[in-house]
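In this note's numbering, the protein residues as written are 4 to 370.
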């Protein structure tokens with residue numbers, strides 16, 4: 004009997020590994036063609052690539068399966084695909100980063116090691132992959148550290164609460180003291196909509212996919228409207244909770260912003276809660292988000308490179324394994340915002356800190 008190689012799971016399916024070299028193309032060259040040459044530089048030798056390659060294959064297969072399931076369920080018309088492609092960018096190399104590092108330390112263990120993306124965030128990334136099936140999904144922190152370059156485009160699913168990369172780009176603050184717990188790459192002054200961590204009193208109820216389908220209490224999160232920095236306003240959806248205090252209307256804040264002064268973009272898919280982030284996939288569904296609304300959104304943004312818009316997330320169904328949304332609509336109160344590129348987008352200074360404090364003082368007075 005052939006002895007099993009040490010460290011190899013007994014039932015491991017090796018049929019989906021990278022195929023043997025053909026016509027003189029080596030596995031090393033194949034990795035380079037796939038844009039995964041960073042694995043070579045990090046691991047050094049082909050023998051040490053085995054575990055990395057197996058991990059990445061599982062990640063890619065996971066997203067691909069979710070992508071195909073979504074297409075089978077809703078279909079995708081040529082017009083809808085074209086509009087979404089224009090909105091979110093084409094001809095780029097995208098790195099997908101679903102949230103997996105919630106601030107309270109709730110982490111899901113992946114079967115291949117490391118952390119697993121939260122279910123709502125993963126569904127949003129699956130949807131994005133229907134537009135750009137060649138986008139590389141990167142879920143492991145060690146890959147990200149070696150992989151992301153200034154000109155790469157990053158797609159992050161999850162609010163600043165659940166995604167460390169979102170925390171670097173989307174300004175956020177806590178309503179309790181209106182302080183900014185995280186410094187962002189971009190100057191908050193030029194970003195119209197900021198994520199607002201709401202109070203915990205009462206607590207909104209949801210079935211949490213992150214916690215295995217149990218009922219959990221969430222904050223009354225909202226959006227800090229910074230369209231006029233001298234008059235910040237706090238916004239939340241109307242009919243936020245139902246009679247039993249379950250989440251009735253969530254929101255989805257989508258932000259497309261520059262990543263660095265020399266290029267690259269970041270697309271942030273940030274729900275107020277899990278169903279808000281998951282609702283990104285409803286942009287692909289004619290019944291959930293009519294094409295007329297999508298046309299209206301594209302017209303309002305006018306082909307701008309950088310922008311923010313807010314969707315109200317409705318028809319939330321509450322049952323295990325997690326609460327999910329079934330429809331969404333453009334917010335009637337928070338209009339889509341075009342964000343002009345500014346020379347001082349990336350400036351960090353004492354003046355910025357002073358503006359942040361002034362914003363906090365004004366907002367406190369309005370609470």
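Every residue gets a Cβ at the ideal spot worked out from N, C-alpha and C, and that includes glycine.
If you measure between the beta carbons of residue i and residue j, is that distance less than 8 angstroms?
i: residue 124; j: residue 280; result: yes
i: residue 257; j: residue 337; result: no
i: residue 340; j: residue 195; result: yes
i: residue 201; j: residue 175; result: no
i: residue 243; j: residue 315; result: no
i: residue 158; j: residue 83; result: no
i: residue 132; j: residue 272; result: no
i: residue 173; j: residue 184; result: no
i: residue 91; j: residue 154; result: no
i: residue 278; j: residue 309; result: no
List the endpoints of the continuous beta strand (DSSP E) containing residue i.
i: residue 214; result: It is not in any beta strand (DSSP E) - residue 214 carries neither H nor E in the DSSP assignment.
i: residue 332; result: 327-333
i: residue 122; result: No beta strand (DSSP E) contains residue 122, which is instead part of the alpha helix (DSSP H) from 122-134.
i: residue 177; result: 175-177
i: residue 196; result: 196-200
i: residue 236; result: 236-238
i: residue 205; result: No beta strand (DSSP E) contains residue 205, which DSSP labels as neither H nor E.
i: residue 265; result: Here residue 265 belongs to no beta strand (DSSP E), and DSSP marks it neither H nor E.
i: residue 188; result: Note, residue 188: premise wrong, no beta strand (DSSP E); not H, not E.
i: residue 227; result: 225-228
In this structure, what does DSSP give as the bridge partners for residue i?
i: residue 312; result: 257
i: residue 210; result: 218
i: residue 276; result: Looking at the DSSP assignment, residue 276 forms no beta bridge with any residue, so it has no partner.
i: residue 340; result: 311
i: residue 250; result: 244
i: residue 317; result: 330
i: residue 157; result: 98 and 269
Residue i and residue j look like a contact to me (Cβ under 8 angstroms); what is the Cβ gap, rounded to whole Å?
i: residue 323; j: residue 206; result: The pair is not a contact, with the Cβ atoms about 19 angstroms apart (cut-off 8 angstroms).
i: residue 325; j: residue 212; result: 3 angstroms
i: residue 210; j: residue 165; result: Going by Cβ atoms, the distance from residue 210 to residue 165 rounds to 16 angstroms, so no, they are not a contact pair.
i: residue 276; j: residue 186; result: 24 angstroms between Cβ atoms; not a contact.
i: residue 330; j: residue 311; result: Not a contact, Cβ separation roughly 21 angstroms.
i: residue 321; j: residue 190; result: About 39 angstroms; that fails the 8 angstroms criterion.
i: residue 214; j: residue 250; result: Not confirmed; about 15 angstroms, so no contact.
i: residue 232; j: residue 192; result: 6 angstroms
i: residue 86; j: residue 289; result: Going by Cβ atoms, the distance from residue 86 to residue 289 rounds to 12 angstroms, so no, they are not a contact pair.
i: residue 188; j: residue 344; result: No, residue 188 and residue 344 are not in contact; Cβ-Cβ is about 14 angstroms, not under 8 angstroms.
i: residue 224; j: residue 197; result: So it is not a contact: roughly 11 angstroms between Cβ atoms.
Determine, using beta carbons only, whether residue i comes closer than 8 angstroms to chain D.
i: residue 312; result: The chain labelled as chain D is not found in the depicted structure, where only one protein chain is given.
Let me know if residue i comes out buried or exposed under the rule of 16 or more other beta-carbons within 10 Å of its beta-carbon.
i: residue 313; result: buried
i: residue 319; result: buried
i: residue 269; result: buried
i: residue 136; result: exposed
i: residue 89; result: exposed
i: residue 129; result: buried
i: residue 299; result: exposed
i: residue 234; result: exposed
i: residue 306; result: exposed
i: residue 246; result: exposed
i: residue 146; result: For residue 146, the predicted structure reports a pLDDT of 42, less than 50, and the residue's modelled location is therefore unreliable. A value from the coordinates is still provided. Flag for residue 146 reads buried.
i: residue 291; result: buried
i: residue 282; result: buried
i: residue 265; result: exposed
i: residue 304; result: buried
i: residue 328; result: buried
i: residue 293; result: exposed
i: residue 335; result: exposed
i: residue 179; result: exposed
i: residue 80; result: exposed
i: residue 169; result: buried
i: residue 204; result: exposed
The alpha helix (DSSP H) with residue i in it runs from where to where?
i: residue 304; result: 294-304
i: residue 165; result: It is not in any alpha helix (DSSP H) - residue 165 carries neither H nor E in the DSSP assignment.
i: residue 96; result: Note, residue 96: premise wrong, no alpha helix (DSSP H); not H, not E.
i: residue 82; result: 81-91
Using only the heavy atoms of the ligand GTP, determine whether one of them is closer than 7 angstroms to the beta carbon of residue i.
i: residue 346; result: For the ligand GTP, the structure offers nothing, since it holds no ligand at all.
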